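Below is one structure, written out as structure tokens, with a few remarks after it.
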Amino acid sequence: MKKVISYVALFILGFCFLMPFIIMILGSFKNVEYAQLDPLFWIPDEPTLKNYFYIMRDGQFLRWIFNSVVITVIPVASQMIFCAILGYIFAKKKFFGREVIFWVFMGVIMIPQQLLIIPKYIMFSDFGWINTYWALIVPELWGIMGVFLVRQFLQGIPNDLEEAAYIDGANDLQIFFKVILPLSIPVVATVGTFAFISNWNDLFQPLIYLTQEKMFPVTLGLASMLGKEGNFGIEMAGSAVSFIPTFLIFLFFQRYFTEGIQMSGLK
Amino acid sequence: MTLRARLKRQWDRNAIVYIFLIPILIHFAIFQVYPFLLSFYLTFMDWKVIGDPEFVGLKHWKYFLSDSIAWKALWNTVMFSVYYIVPTMAVGLILALIINSGVKMAGFFKGIFFLPVVTSFVIIAGIWGWLFRGTEEGMINYLIGLIGIEPQLFLSDSSQALPVLAALSVFKVAGSTMIYYFAGLQSIDKGLYEAAKMDGASTSKIFWKVTFPLLKPIHFYVAITTTIGSFQIFDSAYLLTGGGPNYATTTIVYYLYNQGFTSLNLSYAAVLSYVLFFIILMISLLQRRFLGKESNLY
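The listed protein sequences correspond, in order, to chains A and B. Numbering-wise (the working numbering), the first sequence opens with residue 1 and increments by one. Numbering-wise (the working numbering), the second sequence opens with residue 1001 and increments by one.
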């Protein structure tokens, strides 16, 4: 009996959570008139690819995706490298000021990014970074949370391996690449997936630093489309296309998301 | 050992620290520390993007105290938390309980519940905006029509817009709350359940007397992070209501954005951002005060 209740609840809730995505896919194949008048979103009578052709029409949408890729891939790669090395430094190296620096980093996590956006906007105006990729890439090259995750992970690993490598005459970089990095692949993958999601989905920072449509990432482009199209089919085709990369990353790295969430909240 | 040999050994053992930490500290100073201080300085200045800043003392802080829209925005943000925190925790806990109850395909459903967490707000808002259309063809209006409820305006109604946005946020983040609760449930000693069953406790009694109290650190952690998240809410208001109708969905961050980047009152926006910072700081300090060292959460 308990099992039955569990399954019923599972399917009802599963349907509720999946429904918006089903609506997105069904909607993207609909003609305007159907989309307007069909509140229940049945499978369209005359499915059409028109909406997809429409958004691909002048290459602008592809440009937005390209922009998103640029401002996502570079920080993801860089965060994986820097967070791995810094996590290693803070977990395993003894140096002057280590604890102080680390707790200053952790304290800064409490500062909401909305506070930094105004001074950063002023700084970036001075640098000439407004409407460039720099404003969205350079500040994201490493992340405090990622360093924290790697540190947590490496603190749980005994020092013997490193010691043995030192005695064999290996230097820091050799130890990092031959001993530490292979062990940390799961946590580094976690850092990468989190960086991907936060950069790919960010709306606030692009909204502030970018004003030219050709520089928009796909989030901001889609938001501007939602504002002016008023055509559900086209909006959903755009949403579906911009959803694909997120979905693929999620499909392949799902384990790392849930592990990362647990690691960041629970010691 | 000679001094040179010692220095050499020191370098060999710590070269990686100096090579990588120094650039990171410079980056940290430029993109975190300096903006934080600059923002505070800015609250005492008049600065209109073009031209030199002019010192005005506490003018912007005083204006904040008398700015009824800012207080309305703060109130809206508090109300948003009220609509949002308990449902997020409840839905997350229910999802975790189901996933944890030994059902088949638990991993698959966990993925479905988590999917909104990784999906852009723009996509989700686009769909929700359509579902909650204030016309008779809107899906939600159609569904409530089946049970005889009049069509509602939803996002265009100043008393309904904020709860609808809160519901959207619950949908967006309940999956991550589920993960915390799931981890919590897994760490509960199975022996306790067996002991309770031996004593003849009912399922609901076991839940309220054993499971629920043992999840206390998780409740607290989730409540704090959700509260902090709710004070930073922006995307859904920007995308769906533009802060309206009649400022009903103007949250503190939306107002900050509006002041700073629509009206170009950067200094006043800086004041608002510091107000936000103080609120979040207080919540975080409360967390530390109550969680302390006894718990395994940071």
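Yeah, the Cβ is synthetic: ideal placement off N, Cα and C, and Gly gets one too. Just so we're clear, the structure is a prediction, and the values are computed from it rather than from any experiment.
Between P1035(B) and L116(A) a beta carbon distance of about 4 Å is seen, short of the 8 Å cut, so the two are scored as contacting. One Cα belongs to R151(A), the other to W142(A), and the distance between them is close to 14 Å. If you draw a straight line from the Cα of I12(A) to the Cα of L248(A), it is about 25 Å long. Under DSSP, the beta-bridge partners assigned to E1054(B) are D1046(B). Taking a 10 Å sphere around the C-beta of T1002(B), we find fewer than 16 other C-beta atoms and assign the residue as exposed. The beta-carbon distance between V1253(B) and F1064(B), rounded to whole angstroms, is 15 Å. This is too long to meet the 8 Å contact definition. Pairing F1080(B) with A1166(B) gives a Cβ-Cβ distance under 8 Å.
I144(A): member of the alpha helix (DSSP H) spanning 144-155, first to last residue.
The alpha-carbon separation between V8(A) and P1087(B) amounts to approximately 20 Å. Within chain B, no C-beta atom comes less than 7 Å from the C-beta of Y133(A); the nearest is roughly 15 Å away. If you look at T190(A), you'll find it in the alpha helix (DSSP H) that goes 181-201.
The alpha-carbon separation between E163(A) and Y88(A) amounts to approximately 14 Å. The three-state reading of DSSP puts Q114(A) in helix, counting H, G and I together. Non-local beta-carbon contacts of Y121(A) in its own chain, meaning distances under 6 Å to residues more than five positions away in sequence, involve I208 in chain order.
Within chain A, not a single residue places a beta-carbon under 7 Å from that of L1215(B); the smallest gap is close to 12 Å. Of the residues assessed, T1203(B) falls on the exposed side of the cut-off, its CB having fewer than 16 other CB atoms within 10 angstroms. The beta carbon of Y1180(B) sits closer than 6 Å to the beta carbons of I1218, V1222 from its chain, once the five residues preceding and following it are set aside; these are given in chain order. Residue-level contact check: L1239(B) touches chain A, since one or more beta carbons of chain A fall below 8 Å from its beta carbon. Around the beta carbon of G238(A), a 10 Å sphere encloses 16 or more other beta carbons of the protein chains shown; the residue is thus reported as buried. Distance from the CA of F194(A) to the CA of I1149(B), rounded to the nearest whole angstrom, comes to 42 Å. Looking from the CA of A1073(B), the closest CA among G1134(B), S1267(B), L1007(B), T1249(B) belongs to T1249(B).
Between V108(A) and chain B, the shortest Cβ-Cβ separation is below 8 Å. Taking the beta carbon of L1281(B) as reference, the chain A residues within 7 Å of it are M110, listed in sequence order. Contact holds between the segment 178-187 of chain A and the segment 79-97 of chain A, because three or more Cβ pairs, one in each stretch, are under 8 Å apart.
The closest CA to that of F17(A), considering only G1111(B), Y1257(B), P1163(B), I1022(B), is found on G1111(B).
G1134(B) sits in coil when the DSSP states are folded into three classes, being neither helix nor strand. V1117(B) is not a Cβ neighbour of K1062(B), given a cutoff of 8 Å. Here M1105(B) carries a coil assignment [DSSP, helix/strand/coil].
For R63(A), the enclosing alpha helix (DSSP H) has its first and last residue at 60-92. Assignment of T1119(B) by DSSP, reduced to helix, strand and coil, places it in the coil class. Scanning N1076(B), L1239(B), F1212(B), V1122(B) for the CA closest to the CA of S1158(B) turns up N1076(B).
In the assembly as shown, V187(A) is a buried residue. Its beta-carbon has 16 or more other beta-carbons within 10 Å. For P1116(B), the closest Cβ of chain A is nearer than 8 Å. The shortest C-alpha to C-alpha distance from N1265(B) to any of M1139(B), W1047(B), P1023(B), W1011(B) is the one to W1047(B). Neighbours of K120(A) in chain B, taken as residues whose beta carbon is under 8 Å from its own, are F1031, P1035 in chain order. In the structure shown, I130(A) falls within a coil segment according to DSSP collapsed to helix, strand and coil.
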